[in-house]
Amino acid sequence: DDWYRVEKLRDSFEEKIQKKVQEIEIYGVLSPRLPNTSLVRLPGISNELQLMNIDLAGYALSAGAACSSGKIGVSHVLLAMGIPENHAREAVRVSLCPDITGEEIDSFITAWLKTYEYHQAIAA
Numbered sequence: 002d003d004w005y006r007v008e009k010l011r012d013s014f015e016e017k018i019q020k021k022v023q024e025i026e027i028y029g030v031l032s033p034r035l036p037n038t039s040l041v042r043l044p045g046i047s048n049e050l051q052l053m054n055i056d057l058a059g060y061a062l063s064a065g066a067a068c069s070s071g072k073i074g075v076s077h078v079l080l081a082m083g084i085p086e087n088h089a090r091e092a093v094r095v096s097l098c099p100d101i102t103g104e105e106i107d108s109f110i111t112a113w114l115k116t117y118e119y120h121q122a123i124a125a
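Numbering (the working numbering), first residue to last: 2 to 125.
1) Check T102 in the structure and name its three-state DSSP category.
2) Quick check: I27 and R42, are their CB atoms within less than 9 angstroms of each other?
3) Apart from the five residues on each side of it in sequence, which residues of its chain come closer than 8 angstroms, Cβ to Cβ, to C68?
4) Using a Cβ-Cβ cutoff of less than 6 angstroms, which residues in the same chain neighbour T38 once the five nearest sequence positions on both sides are dropped?
5) Within the same chain, show all residues whose beta-carbon is closer than 7 angstroms to that of E24, passing over the 5 residues directly before and after it, in chain order.
6) Do L80 and A64 have their C-beta atoms within less than 9 angstroms of each other?
7) Does any heavy atom of the ligand FMN sit closer than 8 angstroms to the C-beta of R11?
8) Comparing C-alpha positions only, which one of I123, L114 and Q121 sits nearest to A58?
9) How would you label L40, buried or exposed, when you count the other beta carbons within 10 angstroms and need 16 or more for buried?
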């Protein structure tokens, strides 16, 4: 039951970020996947910059598979899926814990998208 609840929260997370940033790409949405994991591309923002900024906000992301935590680079999984390398360099893995709440997800989204909003303001 806990993982079913987390899966619903993950789906809600993905819907919320897509409403805020239409250009966002979520990989594997139509495939069977873990109920707590999203692999998300934030266009124009390197995964390295995303990791640094979200770390400063008190959250953790990963730029690769769980087996390569702590490494920053290109996800070999995305490359194997045929995702262009420049897109893979903008993707991060978001993993939700079993006791995550909707409020915590909303707070994370706000913190994470500050990087995107800042980048958009500079580019304008």
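A virtual CB, placed ideally from N, CA and C, is assigned to each residue, including glycine.
Concretely, from the data shown:
1) Coil, per DSSP.
2) Yes. Within cutoff.
3) Confidence in C68 is poor, its pLDDT being 47 and thus under 50, which makes the residue's placement too unreliable to answer from.
4) Within the same chain, T38 has close Cβ partners S96.
5) If you ignore the 5 residues before and after E24, its C-beta comes within less than 7 angstroms of the C-beta of P44, all in its own chain and listed in chain order.
6) Taking 9 angstroms as the Cβ cut-off, L80 and A64 do not qualify as a contacting pair.
7) Among the components modelled here there is no ligand, and therefore nothing to report on the ligand FMN.
8) For A58, the nearest C-alpha among the options comes from L114.
9) With 16 or more other Cβ atoms within 10 Å, it is buried.
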